[in-house]
Amino acid sequence: MGPQKVLRPRKRLGQHFLVDPSLGHRIVEAAGFDPGDPVLEIGPGKGALTFPLARKGVRLVAVEKDALLCKDLAERLARAGHDNVRLVNEDILTFDFRRVTRPGGGKVVVIGNLPYNISTPLLERLTEYRDIIGRSVLMFQREVGERLTASPGGKAYGAMTVLVRYHAAVRPLIRVPPTAFRPRPKVESMLLELDFERPYPRRAEFYEAFRRTVKAAFSHRRKTLVNSMRDFDPARSREELESALQRCGIDLKARAETLAMDDFLCLAAALH
18 MGPQKVLRPR
28 KRLGQHFLVD
38 PSLGHRIVEA
48 AGFDPGDPVL
58 EIGPGKGALT
68 FPLARKGVRL
78 VAVEKDALLC
88 KDLAERLARA
98 GHDNVRLVNE
108 DILTFDFRRV
118 TRPGGGKVVV
128 IGNLPYNIST
138 PLLERLTEYR
148 DIIGRSVLMF
158 QREVGERLTA
168 SPGGKAYGAM
178 TVLVRYHAAV
188 RPLIRVPPTA
198 FRPRPKVESM
208 LLELDFERPY
218 PRRAEFYEAF
228 RRTVKAAFSH
238 RRKTLVNSMR
248 DFDPARSREE
258 LESALQRCGI
268 DLKARAETLA
278 MDDFLCLAAA
288 LH
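If you count by this note's numbering, then the sequence shown holds residues 18 to 289, one letter each, in order.
Have a look at this one:
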């Protein structure tokens, strides 16, 4: 099989290869790595980030689902003499992030140009492994980036915004045009930093109750909180929900997108 076939993007995997080498270097520099840092790269593809990372001297594990890409990248890394990179041909959505850690080796930094079709499940996995992740520096479709950085009251503000930012401070780093990729996506991309060592300062007493409250509140965006949460959990009475809202100083006609983090924390505690 010729090299062109090996490196052809696969639509079903949501692949958009980063082809601007200067941007790859900018991303690695923006992430701020030190030699020896344990780093997990998601979807290395053709190695636009992998080679700059290897030259930084980090301890890199790169997880690539596409076996052909993985084989090609392994051969090119070997020819370049980079022995600090371990390539793993697996699906990042089932990969155990703890395989990147070592006793006393510090928290893992996650980096990657994400396939657009795994953004939501991957964010859920990152929060699951938040105890071993220091930071994540990830490329998202602009729509997802706007959701993660949205403020209360905006159309992009939703359950993803609240739940991710409960666990990590989110900071936009770089906006990336479609011309930086092959094939070109139809929208811009955003590079974001998710700092899991800077979670929201106020913590939920019962996290699962908080998570469920947020999901219920946003389950029917066009409805008021009371109606949305009743539809999500019919066992809850209108009186119980209205009482909880009043105790938290939340308008009975409010919708989920108007609530700040502290409102959700209060509401979860009042309903637990």
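C-beta atoms are modelled at their ideal positions from N, C-alpha and C, and glycine is treated no differently.
Residue of the options minimising C-alpha distance to residue i
| i | options | result |
| --- | --- | --- |
| residue 238 | 218, 270, 224 | 270 |
| residue 56 | 263, 122, 207 | 122 |
| residue 203 | 209, 193, 211 | 193 |
| residue 98 | 120, 112, 71 | 71 |
| residue 124 | 51, 108, 132 | 51 |
| residue 54 | 43, 128, 111, 94 | 128 |
| residue 150 | 163, 186, 133 | 186 |
| residue 198 | 180, 252, 132 | 132 |
Three-state secondary structure (DSSP) of residue i
| i | result |
| --- | --- |
| residue 104 | strand |
| residue 149 | coil |
| residue 30 | Note that residue 30 scores a pLDDT of 45, beneath 50, so its modelled location is shaky; the value from the coordinates is reported in the next line. Correct three-state label for residue 30: helix. |
| residue 280 | helix |
| residue 210 | strand |
| residue 181 | helix |
| residue 238 | coil |
| residue 188 | strand |
| residue 155 | strand |
| residue 128 | strand |
| residue 193 | strand |
| residue 66 | coil |
Through-space distance from residue j to residue i, alpha-carbon basis
| i | j | result |
| --- | --- | --- |
| residue 248 | residue 289 | 18 Å |
| residue 58 | residue 117 | 10 Å |
| residue 206 | residue 266 | 38 Å |
| residue 159 | residue 184 | 21 Å |
| residue 167 | residue 141 | 18 Å |
| residue 103 | residue 153 | 19 Å |
| residue 280 | residue 34 | 41 Å |
| residue 282 | residue 215 | 17 Å |
| residue 262 | residue 242 | 9 Å |
| residue 157 | residue 90 | 23 Å |
| residue 75 | residue 46 | 13 Å |
| residue 77 | residue 175 | 33 Å |
| residue 272 | residue 231 | 12 Å |
| residue 196 | residue 136 | 21 Å |
| residue 107 | residue 86 | 12 Å |
Paired residues, beta bridge with residue i - DSSP
| i | result |
| --- | --- |
| residue 142 | DSSP lists no partner for residue 142. |
| residue 164 | BP columns for residue 164 are empty, so no partner. |
| residue 198 | 35 |
Limits of the beta strand (DSSP E) - the one that residue i falls within
| i | result |
| --- | --- |
| residue 57 | 55 to 59 |
| residue 77 | 76 to 80 |
Opening and closing residue of the alpha helix (DSSP H) in which residue i lies
| i | result |
| --- | --- |
| residue 90 | 84 to 96 |
| residue 264 | 255 to 264 |
| residue 41 | 38 to 48 |
| residue 112 | Note, residue 112: premise wrong, no alpha helix (DSSP H); not H, not E. |
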